[in-house]
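Some notes on the structure that comes next.
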Amino acid sequence: MSRKSSTSLTEGVPSTTKAVLPPYEEPNSPPVKLDLEKPPLGVEEPDKNVKLKYPKSVFFIVVNEFCERFNFYGMRTVLTLYMKQILDFSEDKATVLYHTFLMLSYFTPIPGAILADTYLGKFKTIAILSCIYAFGSIMLAVAAIPNFLPQTGFSMTGLLIIAIGTGGIKPCVSAFGGDQFVRPQQDRQLEAFFSVFYFSVNAGSLISTFITPILREDVHCFGDDTCYPLAFGVPAILMIVSIVIFVAGKPLYTIKKPEGNIMGEFFKCIGHAINRRFKSKGEKRDHWLDFASDKFDKQLIQDVKRVLAVAFVFIPLPVFWALYDQQGSRWTFQAMRMNGDLGGFVLKPDQMQIINPLLILLMVPLFEAVIYPCFKKSGLLTPLRRIGCGLVFCGLSFVISGFLEIALEPTYATIPADGRMQLNFINTLPCQVNVTYRVTDKNGDLSIKANKYEFVQDLEADQDIFASAFLENADCGGYLQFNGGFSTGEVKLGKGGGTKGYSILITERENELTITRLNNEEQLDKSDTGDPSVAFFVDDNTFQEYAGLNITMRQETKKKTYEYIYDLNDTAATTPEVEYIVQTEYQKTEIGTYELFYNETPVGKLENLIQGGVYRVVIQKALNESDSYHVMTVEVTPPNSVNILWLLPQYFVVTVGEVMFSVTGLTFSYSQAPLSMKSVMQAIWLLVVAFGNLIDIIVIQFQSDMSQADEFFLFAGIMGIAVIIFTAMSWNYKYVEDEKKENEDEKKRLSTLSDHKTDSSSSSSSSDEEVYAKKGEENKAFSE
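Be aware that the sequence shown starts at 706, since it is given in the numbering used here, and climbs by one per residue.
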């Protein structure tokens, strides 16, 4: 989450004297120290000892930022689950749309900054785009209400509007806060403001990441098991509050007029140089940007060269964000397939995203105080090496997630392919039964122990199913005696449709062995919410019909009583001679152990329902002719048996990577940019994030047949390639500090020469300028 953006923060100050403020920061980023420049000769330095009152206006800005970040991260936390559960998108489609949203959110700060610096100013830009932002948030919340508006269309439109709004104001808010202080008299107060500002960003992010999933899952509304309208609505309300608070502070604000944007000059210079380069055939220049010297001054051209040198090193870096931003998509879906029960508290899959910012807050001070000082003397962790290490750790986190995915695969639902089906043979007898089955392309034998079940998978669908059951002797369980033979003979059980599962019940009727296939197909896939799914078979000859009867599941906890009622309707079995069997539809339930009541009569317990499990429960009138009932649970699909805390290793490793990559990268890009190009460099950094999400979109679109584990390993491999490319590109990079030192050494050398050659003294200044212009060009990527 450690990202920043900026606009021109120093309007109204001559370019040679500007003191550049730190750009906007996303949650978890430590404040960047102010780059305070001394005024040039001839300009009087203001008295820093003059005490000025702390501007009250900044409190409106801080509260505004808290509310806005709560809105953005709250909405973003539950977004992929909303697309899957409510809009019924596949995981791939939800992931692509999620990263499309993020990509737009990090492209739009560029026009937002230009709009603020060139046309409207920061206050009007924030106010107008915040209203647009709030409108998009409201539209998304309203679209989440079922049967009210076309959900997909309005949801996607709302997200587009949010991306424009959040991206547009991203570079303006912190810069506008900086405008409220008088420089340099209030530099210390300004640094304190940024600390408070960053705290509000983190507070809004952390609180919303924890609370919004609770609103999503623990509140039920509009007849649904979830409440996405509330999960989106509460953040939207806070966005409206943020606008009211921001506008209320207007009488106290220092509002500066727009004075133009350096990004425009940056791109004009590049465009003009390219145009003249192709028109000036045969003309040679030291650097292709020098072709712009007829229109742009030498210092601007030199600054653009330096920015492009840094940007060249950034080319492989989008891969980091391609992996990192999957915490809100692929890793959240992975968490859905895990067991969040921590014993008294269930950690929701989208709440796992809070681990990263919490670890960041712990790790940044640790790295700054302990890790980096240990390597400082040896020079092993220069900024670019830190960034490279960050890439490696990020890639390693996806190796870990890939192996975790392999461990999860045995717990996934086995869904038959098109044209195939699955049969579930359920033995309710107190003794072992042998089964022979036959379908067109496959046949086999099963031995099913007492009160157990067996699955037969990958059978051809839409073909007649034949099966027979037989016992080894007439005595079954010590109390069942079968008349005549102990075999059903081969029974035709009808046809089964493709991609379905069907249950076949083996039981006793009037001392005869029977086998029957139930009408309705089984639910094989896990619930879209990750909750357990439960359905019932009832086999009871006590009642001639089941109309008006029900089954109740009840669980009493310290906090709440959970109760689920199943109404029993007459459902005939496929074999007419077997009566009194009825099957219910599946319901999603909470985890835990339940008391079972059949027509208000206690019949037993349903033990330990676990997240993701699909259970078919058989309630059968006891075969020993007593008044009791026998309860048998069939685990149609295995539950999520791997605990969600196994995600912690990959979250830990990716956070280490983030500290080394993102925090260092922000500082590096900011420090290496020329004074006049700080905002341009931060804009390029934002584009790196946007292009990272574009990589996700491209990869996921073109690998639809790949397993999730293989996809994780693929991204880790892409990162490995990116590390190699980055190492090669950054190997000879010349830091600005090194350039300055070389310039000073060159000046000393020229001064020494001038002592011996007095006639050359008049040209020393031009020589110095010539030397400066040629430094930092070891990276030849943008050279001719």
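Yeah, the Cβ is synthetic: ideal placement off N, Cα and C, and Gly gets one too.
Small disclaimer: the values here were computed from a predicted structure and weren't measured.
Task: Cβ-based burial, Ser1384 [other Cβ within 10 Å; buried from 16] - done: buried
Open item on the list: Restricting to Cα atoms, I'd like to know which of Leu825, Tyr1299, Met1337, Ile1286 is closest to Ile1270.
Closed with: Tyr1299
TODO: Hey, could you find the ends of the beta strand (DSSP E) Val887 is sitting in?
DONE: Per DSSP, Val887 belongs to no beta strand (DSSP E) and is neither H nor E.
TODO: Look up Tyr1438 in the DSSP assignment and say whether it is helix, strand or coil.
DONE: coil
TODO: Can you tell me which of Ile948, Val1024, Leu1022 puts its alpha carbon nearest to the alpha carbon of Ile837?
DONE: Ile948
Open item on the list: Please classify Tyr1184 as buried or exposed, where buried requires at least 16 other C-beta atoms within 10 Å of its C-beta.
Closed with: exposed
Task: Cβ pair Glu1165, Arg1125 closer than 8 Å - done: yes
Task: Beta bridge counterpart(s) of Asp1169 as assigned by DSSP - done: Lys1200
Open item on the list: As a quick exercise: from Thr1234, Ser1333, Glu1340, Tyr1440, pick the residue whose alpha carbon is nearest that of Gln790.
Closed with: Thr1234
Task: Where the alpha helix (DSSP H) through Val1015 begins and ends - done: 1003-1018
Task: Pair within 8 Å by beta-carbon distance, Pro889 and Thr782 - done: no
Task: Ala1122, DSSP secondary structure in three states - done: coil
Open item on the list: Buried or exposed, going by whether 16 or more other CB atoms sit within 10 Å of the CB of Ala1092?
Closed with: Correcting the residue identity first, residue 1092 is Ile in this sequence and not Ala. Burial call: buried.
Open item on the list: Can you give me the C-alpha to C-alpha distance between Asn1139 and Val1161, rounded to a whole angstrom?
Closed with: 14 Å
Task: Backbone secondary structure at Asn1294 - three-state DSSP - done: Residue identity check: residue 1294 is Thr in the sequence provided, not Asn. Looking at Thr1294 - three-state DSSP - the assignment turns out to be coil, as it is neither helix nor strand.
- [ ] Output the distance between the C-alpha atoms of Ala848 and Asn1148, rounded to the nearest integer angstrom.
- [x] 51 Å
Open item on the list: Between Ala1252, Met788, Lys829, which has its C-alpha nearest Ser860's C-alpha?
Closed with: Met788
Open item on the list: Quick check: what's the CA-CA separation for Lys1197 versus Met1411?
Closed with: 39 Å
- [ ] Verify whether the separation of the beta carbon atoms of Phe971 and Arg982 is less than 8 Å.
- [x] no
Open item on the list: Taking contact to mean 3 or more Cβ pairs, one atom from each stretch, closer than 8 Å, check whether the stretch 1175-1183 and the stretch 1101-1121 are in contact.
Closed with: no
- [ ] Kindly indicate the opening and closing residues of the alpha helix (DSSP H) around Lys973.
- [x] 967-984
TODO: Could you tell me whether the stretch 1330-1344 touches the stretch 1311-1319, using the rule of 3 or more Cβ pairs below 8 Å?
DONE: yes
- [ ] Could I get the ranges of all uninterrupted beta strand (DSSP E) runs contained in the stretch 1124-1156, with 3 residues as the minimum, in chain order?
- [x] 1125-1132, 1138-1144, 1147-1153
Task: Closest residue to Tyr1267 among Gly987, Thr1257, Phe840 (Cα-Cα distance) - done: Thr1257
- [ ] May I ask you to report which of helix, strand or coil DSSP gives Gln1260?
- [x] strand
Task: Length of the line joining the Cα atoms of Leu911 and Tyr1356 - done: 16 Å
Open item on the list: Taking DSSP's pairing of strands, which residues face Cys1181 in a bridge?
Closed with: Leu1185
TODO: Spell out a yes or no on whether the stretch 754-773 and the stretch 943-962 are touching, meaning 3 or more CB-CB pairs, one atom from each, closer than 8 Å.
DONE: yes
Task: Cβ shell of Ile843 (< 6 Å), same chain only, five flanking positions each side left out - done: Ala941
Task: Proximal residues to Val1347 (C-beta, below 7 Å), its chain only, five neighbours per side dropped - done: Met1043, Asn1044, Ala1112, Leu1113, Thr1116
Open item on the list: Taking the alpha carbon of Ile945 as the reference point, which residue from Ile831, Phe1001, Ile1426 has its own alpha carbon closest?
Closed with: Ile831
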